[in-house]
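For the sequence shown, this note's numbering assigns the number 375 to the initial residue and increments by one for each residue that follows.
A quick write-up on the structure given underneath.
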Amino acid sequence: MDSAAHTVTLLLGDARLPSGGHAFSAGLEPAIQGGLARRDVAAFLRARARTTTLVDAATAVVARRAALTGAPYAPVERAWAARTPSRAARTASTDLGRGLLRLAQRLWPQAPAIAALTTGDTPSPARPIVLGAIAAHAGLDAETLVRVAVYDDMAGGAAALLKLEPGDPVDGVRLVLDACASVDPLIPQLAALASPEAIPAASAPQAEVWTEAHARTNRRLFRA
């Protein structure tokens with residue numbers, strides 16, 4: 375990757391990015407409201423990294439390839455939706471995608487990969503689709519894209535934890551490092567994915583139940 379691509383990588387991993395990630399707890403608030411104990415947060419994030427987050431990261435990789443080859447995003451979006459059973463989780467991802475798309479349109483208004491996101495059958499794409507399109511335009515390689523997708527989700531959960539169960543911020547850093555490390559062996563395999571059918575179907579049924587319950591309550595800090 376060139377220096378501009380490295381800069382975009384840092385930008386995408388920055389919690390100050392104005393794309394709505396600050397309103398998302400990576401499923402941690404629903405889990406805590408559902409009874410997850412503080413001592414189990416590390417295990418929850420590792421499990422999420424290898425299920426929900428892995429599906430999103432793989433989707434972003436396939437969306438990137440679609441952008442690079444001129445293929446439509448719609449089959450990628452459908453494959454992602456089929457692997458994300460929770461309607462509430464899909465809605466949250468679409469909301470996040472909308473914020474990220476707004477940012478991409480302002481930064482790269484002439485980019486074909488970005489413009490194609492609002493045409494065809496994906497007028498409001500999920501976040502991993504938008505992330506893949508940005509990666510294609512900005513020159514991020516597939517392995518870097520996987521790392522960005524995983525890091526962003528885990529860092530969002532750790533940041534939310536400080537509001538939900540206040541503690542030492544340094545502990546959150548360890549949570550992120552451990553969760554990201556748990557998927558390191560899978561990164562080359564994920565980066566090589568080429569078709570929507572190859573996106574892993576790694577579900578997290580209990581987390582999905584918590585997310586659905588969370589969507590129906592008015593006592594929450596985060597979107598999901």
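All C-beta atoms in this analysis are idealised placements derived from N, C-alpha and C, irrespective of residue type, glycine included.
In this text, all values refer to a predicted model and were calculated from it rather than measured experimentally.
Expected contact under 8 Å - CB spacing of residue i and residue j to nearest Å
{"i": "Ala-512", "j": "Ala-441", "result": "Incorrect: roughly 11 Å between the Cβ atoms, too far for contact."}
{"i": "Val-550", "j": "Ala-529", "result": "5 Å"}
{"i": "Arg-412", "j": "Glu-539", "result": "5 Å"}
For residue i, three-class secondary structure by DSSP
{"i": "Arg-422", "result": "helix"}
{"i": "Met-528", "result": "helix"}
{"i": "Gly-395", "result": "helix"}
{"i": "Pro-459", "result": "coil"}
{"i": "Ala-389", "result": "coil"}
{"i": "Ser-467", "result": "helix"}
{"i": "Ser-377", "result": "helix"}
{"i": "Ala-578", "result": "coil"}
{"i": "Ile-573", "result": "coil"}
{"i": "Asp-515", "result": "coil"}
{"i": "Thr-591", "result": "coil"}
{"i": "Leu-428", "result": "helix"}
{"i": "Leu-410", "result": "coil"}
{"i": "Pro-597", "result": "The question names Pro, yet the displayed sequence has Arg at residue 597. If DSSP states are grouped into helix, strand and coil, Arg-597 belongs with coil."}
Residues near residue i by beta carbon distance below 6 Å, same chain, minus five either side
{"i": "Ile-508", "result": "Ala-478"}
{"i": "Ala-581", "result": "Gly-401"}
{"i": "Ala-434", "result": "Pro-502, Leu-505, Gly-506, Leu-519 and Ala-523"}
{"i": "Glu-517", "result": "Ile-561 and Ala-565"}
{"i": "Thr-599", "result": "Because the chain here runs from 375 to 598, residue 599 falls outside it and cannot be looked at."}
Sequence-distant residues of its chain with Cβ nearer than 7 Å to residue i (five each side left out)
{"i": "Ala-594", "result": "Position check: residue 594 holds Arg in this sequence, whereas Ala was assumed. These residues qualify, in order along the chain: Glu-403 and His-588."}
{"i": "Thr-383", "result": "Leu-514, Thr-518 and Val-522"}
{"i": "Ala-466", "result": "Phe-398, Arg-597 and Ala-598"}
{"i": "Ala-416", "result": "Leu-549 and Asp-552"}
Residue i classed as buried or exposed, judged by whether at least 16 other C-beta atoms fall within 10 angstroms
{"i": "Asp-558", "result": "exposed"}
{"i": "Ala-463", "result": "buried"}
{"i": "Pro-570", "result": "buried"}
{"i": "Glu-451", "result": "buried"}
{"i": "Gly-395", "result": "buried"}
{"i": "Pro-642", "result": "The structure shown has nothing for residue 642, since the chain only spans 375 to 598."}
{"i": "Ala-575", "result": "exposed"}
{"i": "Ala-378", "result": "exposed"}
{"i": "Asp-414", "result": "exposed"}
{"i": "Gly-606", "result": "This structure cannot settle anything about residue 606, because the visible part of the chain is limited to 375 through 598."}
{"i": "Thr-458", "result": "buried"}
Residue i: CB within 7 Å of a non-hydrogen atom of the ligand ADP
{"i": "Asp-552", "result": "Here there are no bound small molecules, and the ligand ADP is not part of this structure."}
Same chain only: Cβ atoms within 8 Å of residue i, ignoring 5 sequence neighbours per side
{"i": "Gly-546", "result": "Ala-532, Ala-533, Leu-535 and Leu-536"}
Let me know the alpha helix (DSSP H) ranges lying completely inside the region 470–503, each 4 residues or longer, listed in chain order. If we require 4 residues or more, the alpha helix (DSSP H) runs fully inside the region 470–503 come out as 486–489.
Residue ranges of each alpha helix (DSSP H) within the region 531–560, 4 or longer: Runs of the alpha helix (DSSP H) inside the region 531–560: 543–556.
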